[in-house]
Structures are given as C-alpha cells and as structure tokens.
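Per this note's numbering, the sequence shown starts with residue 5, numbered consecutively.
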Amino acid sequence: MSSTFKDDYGDIFTAVGSAISGGISGGITVVLGGPLRLGVNLPKAIVNRLPTLIRKSHDAGGLEATVTFEVVVVVQESEPENWFGDIIDLLGDILDAVIADPTLGGAVDDCWPTMFSPAEIRFTSKMYYGGVIRFQARLLYG
C-alpha cells in the first residue's frame, strides 16, 4: 500500500482489473473507466465504483475504508439458450478470479463478494445478458 488514500484507492481497481484479465481463460475486456462501447468485443467486465464508507478504526488506530464495487458483466446480446453454460459459468469464473487472492495482491486487507446476480441488462435501450457481482473490500489506512 502506498502513502496516500488516493493511490491506495486506485490500486484496488487496478488489482481487480488484473485479477479478472488474468483469471479468465478465453479472454474478456475489462473496463475500469473511459469510453464504453458495449456491442464491440463482448464479453466485457465493467468495474463500477460505489460509495465507500470510511470510519475510525479502533483496532488499527487509523481509518478503515469499506470499498464497495460491482462488476457488471455483459456477455451477449441474444437471449442465452443455456444460462449456466453461457452466463453463470463466466460470472462464477470472475467471482473466483477476484477472490483467489482476497488481498488483491496486497492492495486491500480483505475482499469478499456480497451479491451474485445473473440478469438481463439494459444499456441505451438495448437488452444484453450477463449479470452483476458486488464486492466489498477492507482497506486500513493511516
């Protein structure tokens, strides 16, 4: 971990992107920010940052940040014939890739999944199939 919260926070998402890219055989495009074009190069894993709760840590003597993020997985445009083979297997592989190292290479103290939801996803009035996996990570700072 680095010396600034800004750097530590950014390192979390870099580590999540690396875990997904390195843990999925067959390839997946990971989007950590920037322009998003869904119909190109599917499947995509879009890492969305959600609000982070920060509180005083009585155990560690500094601050404890609970970083929440979700990975929106867009697999295909057509309705899947087999949800398990086409959608759920990939979602499970992404979940497993992120928690394979719960410290995300030392970027956090712990990381765990809090939601797993295969779903239809609507972007710009177009329907896609995939799902959402939500995670929380604990970062001790200061």
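Cβ coordinates follow ideal geometry from the N, Cα and C atoms, glycine included.
Note that the coordinates shown come from a computational prediction; the quantities given were computed from them, not determined experimentally.
Local Cβ density within 10 Å of residue i, reported as buried at 16 or more and exposed below that
{"i": "K48", "result": "buried"}
{"i": "V44", "result": "exposed"}
{"i": "G134", "result": "buried"}
Three-state secondary structure assigned by DSSP to residue i
{"i": "D63", "result": "coil"}
{"i": "R32", "result": "Checking the displayed sequence, the identity of residue 32 turns out to be Ile instead of Arg. In the structure shown, I32 sits in coil (DSSP, three-state: anything other than H, G, I, E or B)."}
{"i": "D100", "result": "helix"}
{"i": "L94", "result": "helix"}
{"i": "S121", "result": "strand"}
{"i": "V71", "result": "strand"}
{"i": "D113", "result": "coil"}
{"i": "V44", "result": "coil"}
{"i": "G134", "result": "strand"}
Whole-number beta carbon distance between residue j and residue i, since they are thought to touch under 8 angstroms
{"i": "F139", "j": "P117", "result": "5 angstroms"}
{"i": "I91", "j": "P122", "result": "5 angstroms"}
{"i": "F120", "j": "I103", "result": "Not confirmed; about 11 angstroms, so no contact."}
{"i": "R21", "j": "L40", "result": "Residue identity differs from the one stated: residue 21 is Gly in this sequence, not Arg. At roughly 14 angstroms, the Cβ-Cβ gap does not stay under 8 angstroms, so G21 and L40 are not in contact."}
Own chain partners of residue i with C-beta closer than 8 angstroms, once the 5 adjacent residues on each side are dropped
{"i": "E68", "result": "I58, R59, K60, S61, R142, L143, L144 and Y145"}
{"i": "A101", "result": "A23, I24, G26, G27 and I28"}
Same chain, Cβ closer than 6 angstroms to residue i, five either side skipped, listed in chain order
{"i": "A19", "result": "L108, G109 and A111"}
{"i": "R53", "result": "F73"}
{"i": "F127", "result": "L42"}
{"i": "I50", "result": "V35 and V76"}
{"i": "F9", "result": "Y145"}
Residues of its chain near residue i, where Cβ-Cβ distance is below 7 angstroms and the 5 sequence neighbours each way are ignored
{"i": "G38", "result": "none"}
{"i": "L94", "result": "P47, V77 and V79"}
> Should the stretch 24 to 37 be regarded as contacting the stretch 63 to 74, the criterion being three or more beta carbon pairs within less than 8 angstroms?
Replying inline: In short, these stretches do not touch, since the Cβ pair count stays below three.
> If you pair each beta-carbon of the stretch 103 to 110 with each one of the stretch 69 to 84, do three or more pairs fall below 8 angstroms?
Replying inline: At 8 angstroms Cβ cutoff, the stretches do not touch.
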